[in-house]
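Right, one structure below, let's go through it.
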Amino acid sequence: MDYTSTTLFLAVLLFASAVAHDISHDSLCKSMVETKGYICEEHKVTTKDGYILGVQRIPVGRTSKTANRPPVLLQHGIFMDAATWLFNSPNKSLAFILADNGFDVWMGNNRGTISSRGHTSLSANDLAYWDWTWEQLVNDDLPAMYDYIHKQTGQKLYYVGHSLGTLLALASFSQEKLVNLTKSAALLCPIAYTGQVSSVFARAIANTHLAQHVYSLGLGEFIAGGSVAGKLQEGLCHLPPIDCSNLVSLNFIIYNLPFPKTTDLHVKFLFIGPNCCIKPSIYDVFLEHTPQSTSTKNVVHLSQMLLAGNIAKYDYGDYSENKKHYGQGTPPLYNLTRIPKDIPLFIGYGGKDLLSDVNDVKLLLDNLKDHQKDKLVLQYRDDYAHFDFVMAENAESVVYDPLLAFLRTQT
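Reading the sequence shown from the start, the letters are residues -20 to -1, 1 to 391 in mature numbering (1 follows the signal peptide of the UniProt record, and there is no 0).
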């Protein structure tokens, strides 16, 4: 498949999804936590720039109800929300596992997702509402959630991020933000350097400047709920010989579209990689909660990073505009070597991940080569792809047990 065909398909999904908004509007507490027998609280956190974020809290486990439990903030990736941590059964979902192991679990939702579409003065229908990238999540959303949780609990936080949630932490720590409020951070499928990303979808979006074209049309919201896209995926899932276990990778859609195919593209899963160990029955719930919206400007920014292979601030595409914002004609780079060498880090990554590519992770680790050895734990799984780390049937033993052991050593 050439990039034109891929982009056409992406555009169809993008604009079709804007027709309706059928993602579940039930609160995550009501629909995904309380039904499993856990206490759950819905909190609202307002950022300094006026966004009202929904945050879910599981204060105690089903059996473990001790007081003064250490708080842990779970932060999801792009096109996802806090449901990321809840898709599996309680003994296989990280949020429930942490609650049952004595943690006070808080789950954040980025601005623009179903739980976080409020604003003190703007509507999500306003273009200005979508004028942000992941940098605003670093500068505004994450500090607001940290401060709120710290005030509620009086304790420093443990942090667990997946995908984009890892970039928020790395960028924050490199500027020495939130370090004093963080006990340790677990980064699953880290997104930092993206020059080696081999996802055909991600590369197609970047190389064809799809997000820039959408942005130039004045469309601030990227993927508005995914109603039609979700129904398309759901319908195709039931057509033989499509394998629903590959739904998240979207390979099953691409391979059954009337586009030219190559053996290479059939073997390579085109979006995030061939998740090895996800139970097919999870996908019905998955489709109820994804894709979540982000800003088109955010996708533009991530595309810039992929093409440049670095971690830089948003490029306005104009020397004078960059000069106005940054005092220089080019966007400043983030320097990950400035991450404090004594902050405990757990990094989990997989050999089949097409977004958090192994070679990009190695570049990240090269930036951390002077990190204190006893403060850096690596968990590599050759057969894992991007969503295996949060949805795999065997993630409890492969990822969560080592992660729990890591958290318990960082008191």
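Where is the CB? At the ideal position from N, CA and C, for every residue including glycine.
Per DSSP, Y296 lies in no beta strand (DSSP E) and is assigned neither H nor E. The region 191 to 204 and the region 378 to 390 do not touch, with fewer than three beta-carbon pairs separated by less than 8 Å.
About 6 Å separates the Cβ atoms of L348 and L356, confirming a contact at the 8 Å cut-off. Exclusion of the five residues before and after L286 leaves T174, G175, V177, A182, R183 and A186 as the residues of its chain whose Cβ lies within less than 8 Å of its Cβ. The three-state reading of DSSP puts F326 in strand, counting E and B together. In the DSSP assignment, D264 falls within the alpha helix (DSSP H) that extends over I262 to H269. Within the region 124 to 211, the complete beta strand (DSSP E) segments of 3 residues or longer fall at 137 to 142 and 162 to 168, listed in chain order. Look at H366 here: in three-state DSSP terms it is coil, with no helix or strand label.
Here the alpha carbon of Q55 sits roughly 5 Å from the alpha carbon of G88. Judged by beta-carbon spacing, L122 lies within the 8 Å limit of L158, meaning their Cβ atoms are closer than that value.
For secondary structure counted as the alpha helix (DSSP H) over 4 or more consecutive residues, the region 332 to 376 holds these complete runs in sequence order: 338 to 347 and 368 to 371. In the structure shown, Q116 falls within a helical segment according to DSSP collapsed to helix, strand and coil. In the structure shown, Y314 falls within a coil segment according to DSSP collapsed to helix, strand and coil.
Check the Cα spacing between H351 and each of R91, F153, Y128 and F76: the tightest is with F153.
Here the alpha carbons of L267 and K45 stand approximately 33 Å from one another. The beta carbon of A149 lies closer than 7 Å to those of Y139, G141, A165 and L167 in the same chain, with the five residues before and after it left out.
Note on P312: under 16 other CB atoms within 10 angstroms of its CB, so exposed under the neighbour-count rule.
Looking at the backbone, the Cα of A75 and that of I129 are separated by about 16 Å.
As for any alpha helix (DSSP H) of minimum length 4 sitting wholly inside the region 47 to 108, the runs are 74 to 80, ordered along the chain. As the crow flies, the alpha-carbon of K16 is around 18 Å from that of V35.
A distance below 8 Å separates the beta carbons of A104 and R97.
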